[in-house]
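Undergrad: I'd like to ask you about the structure that follows.
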Amino acid sequence: MAMKLQTKVLFFIVFHVMLFILLYSIPIHLDIWNKICLFKQLTGKNCWNCGMTRAFLSILHFDFSMAYQYNHKVFLVFPLTVGIYLYSWYKFIFLRRGRE
């Protein structure tokens, strides 16, 4: 069953409001975030991605200086991630209409 464009857009908005509320409610400054990196657990050294989850959450909390402290590469990775994510939603909402 094909979804109408208005239904897809409404779904997109509701889904992302709920997702933002969920992600915003995750506490950033927990000790558990320091223990989830397997590379760091095995070698004792930070990997190239260490701190990226906390940096993403810091950006969602609009704390850009803390995001930079967690992982300075976040200012390259976050916009690319958001762009790819939005493009996939764009394809879902607009480009699939011809196939339905």
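Each residue of the sequence shown is one higher than the last, beginning at 35 in our numbering. From the three backbone atoms N, C-alpha and C, an ideal C-beta is built for every residue, glycine too. Remember, it's a predicted structure, so these values are computed and weren't measured experimentally.
Please report the distance separating the alpha-carbon of Trp123 from that of Leu76.
TA: Start at 1 with the first residue of the sequence shown, and residue 123 comes out as number 89. Start at 1 with the first residue of the sequence shown, and residue 76 comes out as number 42. Each residue's Cα considered, the two are about 37 angstroms apart.
Undergrad: Determine the extent of the alpha helix (DSSP H) in which Pro113 is found, giving its start and end residues.
TA: The residue given as residue 113 occupies position 79 in the sequence shown. Segment 108-124, the alpha helix (DSSP H) holding Pro113.
Undergrad: Would you tell me roughly how many angstroms separate the C-alpha atoms of Leu110 and Tyr119, rounded to the nearest one?
TA: Locating residue 110 in the sequence shown gives position 76, counting from the first residue. Locating residue 119 in the sequence shown gives position 85, counting from the first residue. Computed Cα separation, rounded: 15 angstroms.
Undergrad: From Tyr104 to Gly117, what does the alpha carbon distance come to, in whole angstroms?
TA: For the purposes of this step, residue 104 is taken as residue 70 along the sequence shown, with counting starting at 1. For the purposes of this step, residue 117 is taken as residue 83 along the sequence shown, with counting starting at 1. Looking at the two C-alpha atoms, the distance is approximately 22 angstroms.
Undergrad: I believe Lys74 touches Asn80 by the beta-carbon criterion, under 8 angstroms. Please report the beta-carbon distance rounded to the nearest angstrom.
TA: The residue given as residue 74 occupies position 40 in the sequence shown. The residue given as residue 80 occupies position 46 in the sequence shown. Correct: roughly 6 angstroms between the Cβ atoms.
Undergrad: Take Leu72 as the anchor and find which of Ile60, Pro113, Gly85, Gln40 has the nearest alpha-carbon.
TA: Your numbering for residue 72 matches position 38 in the sequence shown. Ranking the options by Cα distance to Leu72, first place goes to Gly85.
Undergrad: Taking the alpha-carbon positions, what's the Val48 to Lys38 distance?
TA: Here residue 48 refers to the residue found at position 14 of the sequence shown. Here residue 38 refers to the residue found at position 4 of the sequence shown. So the alpha carbons of these two residues sit roughly 16 angstroms apart.
Undergrad: With H, G and I counted as helix, E and B as strand and the rest as coil, what does DSSP make of Leu64?
TA: Residue numbering aside, residue 64 sits at position 30 when the sequence shown is read from its first letter. If DSSP states are grouped into helix, strand and coil, Leu64 belongs with coil.
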